[in-house]
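All remarks here apply to the structure that follows.
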Amino acid sequence: MLRPLPDDLANAGREETCCSFCGVSYLILHDVERLKGRIRELEGELALAGRAHESAQQSARHTLTSMDALSGLTDAFKGRADLMERERDDALVKERLATERGDLLAQCVAQLRQGLEHCRQDVSRLRSLVAEPAALDFSQIPTFLETLSLLLETLREEYRRVIEKEQRHTEELEAALSALKEEIATLRATSEEKIADLRKRADSFETLTQKLQYQLQETEECVRDLGTTKESLAAENRRLMADVDSLKKQLQAKVMECQNGAAVEDTQRARIVLLTEQLSAKEADLRAVNADLRTSQEEARTLQKTVDDLRQLVIQLQATTAEKDSRIELLISELQGLSRNLEALQHSFDELSTTSEGKIESLEREVHSLRKSLQEEQEHAQTAGTRLNTTEEANSRLAAELTSLKEALINSANTHEQSTRELSREIEALRRENGQLEMQCETLDRRLAKLRQEQNELTTKLATADADLERELALVADLERQLAAKAAEAEALAREPELTTEALAAAQQTIAELEAKVKALQQTVYNECQERTKLLRTLSMLQSQNQGQQGQSTHPSSEDSRLSLPSQGSAGALPTLRKGSFGSGKRR
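Counting along the sequence shown from 1, when you hit position 474 you're at 474 in full-length UniProt numbering, and nothing is skipped either side.
Right under this line is the structure:
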């Protein structure tokens with residue numbers, strides 16, 4: 001950690017704080033430390049911005065989870081809708097079964113009406129026969145009475161079958177009504193449960209919307225904070241850009257100084273070249289001296305050999321003759337001179353070697369110092385270039401991070417706005433669906449109350465219709481008994497050969513009365529059947545309405561065309577009386 005600069009150095013000019021040789025500022029370490037501190041501050045601010053961005057991403061994740069929950073709820077609503085569609089299909093199947101039962105009942109009523117039509121035809125034939133007493137064959141009265149009794153028996157059987165069918169159908173309808181009541185009760189319970197569930201979900205939606213609004217407020221605050229941090233970062237970026245510009249200017253100045261230093265370095269290189277040339281010359285001299293030294297050493301070795309040879313010769317001469325002592329002394333003196341010369345040469349060689357070594361060492365020291373200064377200059381230039389590159393890279397990284405932060409902030413703001421809009425739309429749609437479901441439940445409750453009231457009225461009407469039908473059947477039984485009595489009287493009259501006109505008139509009058517009663521009975525039965533068909537039609541309409549309300553779909557009932565009364569002139573399946581059964585119609 002560097003100490004702070006004193007005021008005189010901090011306020012000193014650039015010429016005072018820069019090297020006159022290389023142009024590098026002495027206070028560059030303090031500038032680097034100041035920039036490092038500024039970078040640490042910016043890193044702290046970037047960490048704060050990153051934490052704010054992480055909080056925004058976390059809020060976005062919360063919104064995504066809430067959207068997933070909403071999608072799950074929509075899937076649950078879709079499942080409920082599918083369940084209601086299946087219930088509607090079941091209701092349609094039940095409606096089809098009810099229409100089939102209504103068709104069977106209409107067929108029974110049609111058969112009954114056909115039988116009544118045949119009865120009317122037979123009565124009209126009897127009236128025509130009674131109206132023409134001349135054409136009446138009294139011998140065929142028993143057969144007529146038998147056929148009439150058979151007709152009454154068949155009518156009784158038909159009425160009994162119709163009554164049994166009606167009873168079965170009424171039992172089936174009562175069972176269907178009870179099943180419908182149970183279904184209505186279950187539907188009411190399920191609808192209440194669904195309403196309660198929907199209310200709970202609406203409450204959960206409201207709480208969720210409140211949470212989302214709170215999260216939205218937090219995200220807006222985070223966005224505002226990020227906007228302030230972005231503005232502060234932009235200001236810091238501008239300040240850093242200004243610092244970078246100033247540093248660039250300083251570096252340009254340093255580059256200029258380095259260029260000046262490069263010129264100086266060129267001069268130094270020229271000097272180094274000269275020194276290297278001198279060094280090469282000295283090395284050449286040294287090589288020459290070394291060659292001379294090697295030659296002198298060879299000469300010395302040769303001289304040493306000659307000395308050795310001479311010594312051997314001296315020894316030989318000393319051993320052989322004494323006369324050669326003078327010559328030996330001369331040779332010794334020569335040898336001593338040669339040894340002195342050799343010593344002088346050796347001394348000169350030593351001096352030359354020492355001087356050459358000193359010169360070589362001085363030259364090497366100069367070359368080493370020059371190389372060291374050159375390396376220092378290169379290192380200073382490299383450090384300045386690396387610092388410039390690092391500052392430029394840091395600025396580019398800061399600019400890229402700022403642009404990425406801006407893009408992330410814009411994207412997060414857009415995603416937040418889109419998610420909030422989608423959530424508001426979904427909440428409004430759910431509220432509308434909830435209101436519609438509540439209105440549908442209220443309408444269903446009102447319709448169920450109306451259906452219950454109409455079903456009660458229909459049950460009372462069916463009970464009254466059954467009582468009226470029983471009374472009419474009792475009247476029919478009384479008429480049958482009266483017809484049997486009149487038939488017995490007719491048989492008694494047929495056995496008497498003398499029939500008076502008064503008895504015939506009385507018989508005709510009684511037959512007319514019976515015919516009138518039969519007509520009245522037919523009319524009452526027709527009215528009762530029409531009333532019963534109306535009641536069955538209203539019951540089927542109520543069932544179809546109930547099933548339509550259950551299935552949330554309306555289907556037009558086809559029972560009006562199926563349960564319409566046939567015309568009075570329709571042909572029947574009951575046994576009819578042929579005209580020939582009462583005689584051929586010939587006069588006596």
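Using N, Cα and C, we set each Cβ at its ideal position, and we do this for glycine too.
Here DSSP, grouped into helix, strand and coil, assigns S25 to strand. Under the DSSP assignment, L9 falls in the alpha helix (DSSP H) whose first and last residues are 7-10. Considering only L151, T190, D8, the residue with the shortest C-alpha distance to Q121 is L151. DSSP places C19 in the coil class of the three-state scheme, outside both helix and strand. About 7 Å separates the Cβ atoms of L27 and L5, confirming a contact at the 8 Å cut-off.
The Cβ atoms of T17 and L9 sit closer than 9 Å to each other. With fewer than 16 neighbouring CB atoms inside 10 Å of its own CB, K249 falls in the exposed class. Remark: fewer than three beta-carbon pairs, one from each stretch, lie closer than 8 Å, so the stretch 515-535 and the stretch 66-75 are not flagged as touching. For the pair T533 and A106, the CB atoms are nearer than the 9 Å cut-off. T464 has its alpha-carbon roughly 14 Å from the corresponding atom of N527. Assigned with DSSP and collapsed to three states, G50 falls in helix. Taking the Cα of Q547 as reference, the smallest distance to any Cα among G44, E183, R160, A175 is reached at E183. A check of alpha carbon separations from E221 across L83, A52, A76 identifies A52 as the nearest. Under the criterion of beta carbons closer than 8 Å, R101 and E171 do not qualify as touching, at roughly 11 Å. In the three-state scheme derived from DSSP, where H, G and I count as helix and E and B as strand, G13 is classed as coil. Check the Cα spacing between V162 and each of R38, E15, L104: the tightest is with L104.
Only exposed fits C19, as fewer than 16 other CB atoms lie within 10 angstroms of its CB. When rounded, the separation of the alpha-carbon atoms in L535 and R96 is 18 Å. Cβ neighbours of S25 within its own chain (closer than 6 Å, five residues either side excluded): T17, C18. By the Cβ-count criterion, A49 is buried, with 16 or more other Cβ atoms from all chains shown falling within 10 Å of its own Cβ.
Around the Cβ of T228, a 10 Å sphere holds fewer than 16 other Cβ atoms; the residue is exposed. Taking the Cβ atoms as the reference, C529 lies roughly 34 Å from R88, outside the contact range of under 8 Å. A residue is called buried when at least 16 other Cβ atoms come within 10 angstroms of its Cβ; A175 does not meet this threshold and is exposed. Take the alpha-carbon of G37 and the one of A56: they are about 29 Å apart. CA-to-CA, the gap between R125 and E157 works out to about 22 Å.
In this structure, Q545 is the residue among D31, Q545, R61 with its C-alpha nearest to the C-alpha of K450. Check the Cα spacing between E457 and each of M439, E513, Q509, L542: the tightest is with L542.
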